[in-house]
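Report on the structure given below.
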Amino acid sequence: MAYSDKVLDHYTHPRNVGQMDKGSAEVGTGLVGAPECGDVMRLQIKVNPETQVIEDAKFKTFGCGSAIASSSLATEWVKGKTVEEAMQIKNTDIVKELSLPPVKIHCSVLAEDAIRAAIGDWKKKNGVQESSAAPMVATAH
Amino acid sequence: MTQILAQSAMAECWACDTQNDPAAYLCAACGKLLPSDSTDYFALFGLTHRLTLDVAALEKQFYRLSRKLHPDLYTRASKEKRQWSLEKSALLNDAYRALRDPIARTEYLLETEGIRLEEQSRDATDAARATGTDKQQVIPPDMLEEVFELNMQLEEVRMAAASNSQDPELMANLEVAEKNFTAQMEALQQQLESLWAAWDRALADNDAATKDAAKQAMVALLNRRSYIRNLVRDVRQALGKS
Ligand code: FES
Ligand SMILES: [Zn+2]
């Protein structure tokens with residue numbers, strides 16, 4: 001299958017590969033897997049405790065080119081966003097940006113899962129309440 | 001009323017007027033090719049949706065049917081019948097390929113039960129997003145950790161191999177991992193077979209609750225299996241065994 005130019009770019013020059021200190025209170029870690037193919041992804045964020053802005057993000061993915069590109073893009077996108085803003089990133093945004101074909105949608109799902117899991121971990125560590133309602137509902141009151 | 005419905009659900013043979021099962025593609029009376037719409041893999045072989053099946057018998061049946069459906073037999077038949085024979089032959093090949101393989105057979109059965117294996121992860125993510133809850137990962141977190149950790153080691157081994165500086169301790173670890181995961185694959189196969197048996201019994205008893213439980217257990221098993229299968233493959237490769 002032919003990869004799009006953007007996938008190839010992220011795949012050959014992945015941004016933000018690496019890891020951060022899992023034990024740090026400012027770091028949230030998301031480790032997720034895609035049961036469809038058995039690929040795994042770890043995405044970490046470092047959050048400023050004052051502003052809740054994500055100041056840094058790192059990933060490590062063992063999977064296909066689309067999964068690597070999706071996670072690389074995800075780290076670029078979350079940087080500079082607040083955690084609540086980052087929660088709004090959807091896998092379909094990634095699909096669009098990278099022009100992923102239908103069979104590669106689950107790879108983008110993996111990246112969204114990783115963002116959400118990293119934020120969830122950070123919230124748990126810092127005692128931040130999970131918003132119980134969907135963001136759409138919350139803004140639509 | 002019910003009689004008319006039952007009647008119309010049967011497929012009449014164009015050659016001898018015999019009423020055939022709608023899934024049948026060969027007339028039960030005269031053996032002629034029928035225009036069946038059924039695409040059910042099991043039905044093509046005259047089987048119910050039992051998962052435990054005799055692969056040797058399946059193979060025999062496959063060759064027998066292939067001969068009967070073979071397009072060469074229909075070169076002088078009407079265009080319509082040539083079309084049927086082409087379609088059925090292709091379908092029979094797909095069906096045989098799926099049913100003879102334990103995993104593909106299980107996946108196919110689950111698909112006929114409306115389980116979207118390929119979409120389950122996306123569906124769960126959609127649900128988590130909509131409700132603002134954490135997505136439940138389909139395999140336990142400690143297994144994910146283990147998979148990730150092993151992948152890190154594999155990467156190290158590959159890099160070491162490239163620079164010709166293999167760490168013996170790491171290689172020994174991988175040997176252990178290979179044995180361990182190969183054993184897990186075998187155990188999964190055993191578990192799958194007992195789930196087939198549970199499914200087959202529930203199917204015979206028309207026991208919806210047990211059928212459901214068996215289906216869910218098969219989904220969980222296949223999900224675990226994807227990870228272990230990859231690990232076995234990658235570890236063997238790193239050890240130069242494949
Ligand atoms: S093929 Fe599995 S993440 Fe892409
Ligand atoms: Zn007939």
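One line per chain: the protein sequences are P and L, in this order.
For the first sequence, my numbering gives the first residue as 1, with consecutive numbering after it.
For the second sequence, my numbering gives the first residue as 1, with consecutive numbering after it.
Ideal placement from N, C-alpha and C gives every residue a C-beta, glycine not left out.
Inset, instruction - Measure the C-alpha to C-alpha separation of L/Ala90 and L/Thr112 and round it to an integer number of angstroms. - result: 19 Å
Inset, instruction - State the DSSP-derived secondary structure class of L/Ala58, mapped to helix, strand or coil. - result: This sequence places Leu at residue 58 of chain L; Ala is not what is there. DSSP places L/Leu58 in helix when its eight states are reduced to three.
Legend entry - Residue range of the alpha helix (DSSP H) that includes L/Lys88: Lys79 to Arg100
Inset, instruction - Measure how close the beta-carbons of L/Asp134 and P/Gly18 come, nearest whole angstrom, since I'm counting them as under 8 Å. - result: The Cβ separation is near 25 Å, so there is no contact.
Legend entry - Three-state class that DSSP yields for L/Arg50 in the structure shown: Correct three-state label for L/Arg50: coil.
Legend entry - Candidates P/Pro49, P/Asn126, P/Gln88 and P/Asp39: closest to P/Lys60 by CA position: P/Asp39
Inset, instruction - Would you kindly work out how many angstroms separate the C-alpha atoms of P/Val32 and P/Val47, rounded to a whole number? - result: Whole-angstrom Cα-Cα distance: 20 Å.
Inset, instruction - Return yes when the Cβ of P/Ser72 is within less than 9 Å of the Cβ of P/Tyr3, no when it is not. - result: no
Legend entry - P/His106: CB within 8 Å of a non-hydrogen atom of ligand 1: yes
Legend entry - Length of the line joining the Cα atoms of L/Met10 and L/Pro35: C-alpha separation (whole angstroms): 12 Å.
Inset, instruction - In the DSSP assignment, find the beta strand (DSSP E) that holds P/Arg42 and state where it starts and stops. - result: Asp39 to Val47 is the span of the beta strand (DSSP E), which, as asked, contains P/Arg42.
Legend entry - Distance CB(P/Ser108)-CB(P/Thr92) smaller than 9 Å: yes
Inset, instruction - Would you check whether ligand 1 has a heavy atom nearer than 8 Å to the C-beta of P/Ala34? - result: The answer is yes for P/Ala34.
Inset, instruction - Can you check DSSP and say which residues form a bridge with P/Phe62? - result: P/Val40
Inset, instruction - Output yes if chain P places a C-beta closer than 9 Å to the C-beta of L/Val138; else output no. - result: yes
Legend entry - Spatial distance of P/Ala133 from P/Glu85 (CA atoms): Residue placement at P/Ala133 cannot be trusted, given a pLDDT of 42 that sits under 50; the coordinates are not used to answer.
Legend entry - 9 Å Cβ cutoff met for P/Thr75 and P/Lys90: Cβ atoms of P/Thr75 and P/Lys90: not closer than 9 Å.
Inset, instruction - Would you tell me roughly how many angstroms separate the C-alpha atoms of L/Ser8 and L/Leu203, rounded to the nearest one? - result: Confidence is the limiting factor: at L/Ser8 the pLDDT is only 48, short of 50, which leaves the residue's position unreliable and the question unanswerable from this model.
Legend entry - Proximity test, P/Gly30 beta-carbon vs ligand 1 heavy atom, cut-off 8 Å: no
Legend entry - Per DSSP, the bridge partner or partners of L/Ala11: L/Asn20
Inset, instruction - Quick one: grab the DSSP three-state call for P/Thr51. - result: coil
Inset, instruction - Determine whether the Cβ of P/Glu76 lies closer than 9 Å to any Cβ atom of chain L. - result: no
Inset, instruction - Determine the chain P residues that contact L/Tyr96 at a beta-carbon separation under 7 Å, and present them in chain order. - result: Going along chain P, no residue has its Cβ under 7 Å from L/Tyr96, so there is no contact; the nearest lies around 24 Å.
Inset, instruction - Assign L/Arg122 to buried or exposed, taking buried as 16 or more other Cβ atoms, counted over all protein chains shown, within 10 Å of its Cβ. - result: buried
Inset, instruction - Could you work out which residue in L/Gln61, L/Tyr63, L/Lys60 and L/Ser85 is closest to L/Asp72 when comparing CA atoms only? - result: L/Ser85
Legend entry - Residues within the stretch 55–81 of chain P neighbouring chain L, beta-carbon criterion of under 9 Å: If the cut-off is 9 Å between Cβ atoms, the stretch 55–81 of chain P has Lys60 and Phe62 near chain L.
Inset, instruction - Name the one or two DSSP bridge partners that P/Gly30 has. - result: P/Leu43
Inset, instruction - Count the other C-beta atoms from every protein chain shown that fall within 10 angstroms of the C-beta of P/Gln144, then say buried if there are 16 or more, exposed otherwise. - result: Outside the displayed range of chain P (1 to 141) lies residue 144 of chain P, so it cannot be described from this structure.
Inset, instruction - Under 8 Å by Cβ, that's how I've got L/Leu109 and L/Leu51 pegged, so tell me the actual separation to the nearest angstrom. - result: 6 Å
Inset, instruction - Within its chain, find whatever has a CB closer than 8 Å to the CB of L/Asp40; leave out the 5 residues flanking it on each side and keep chain order. - result: Within the same chain, L/Asp40 has close Cβ partners Ala23 and Thr112.
Inset, instruction - Determine the extent of the alpha helix (DSSP H) in which L/Tyr41 is found, giving its start and end residues. - result: For L/Tyr41, the enclosing alpha helix (DSSP H) starts and ends at Tyr41 to Leu44.
Inset, instruction - Evaluate P/Met41 with the Cβ neighbour count: other Cβ atoms within 10 Å of its Cβ, from every protein chain shown; 16 or more gives buried, anything less gives exposed. - result: buried
Inset, instruction - Would you check whether ligand 1 has a heavy atom nearer than 8 Å to the C-beta of L/Cys13? - result: no
Inset, instruction - May I ask you to report which of helix, strand or coil DSSP gives P/Asp56? - result: strand
Inset, instruction - Run down chain L in chain order and give the residues with a C-beta less than 7 Å from the C-beta of P/Asp113. - result: Thr125 and Lys135
Legend entry - Contact list for P/Asn16 against chain L, beta-carbon separation under 9 Å: None at all; the shortest Cβ gap to chain L is about 17 Å.
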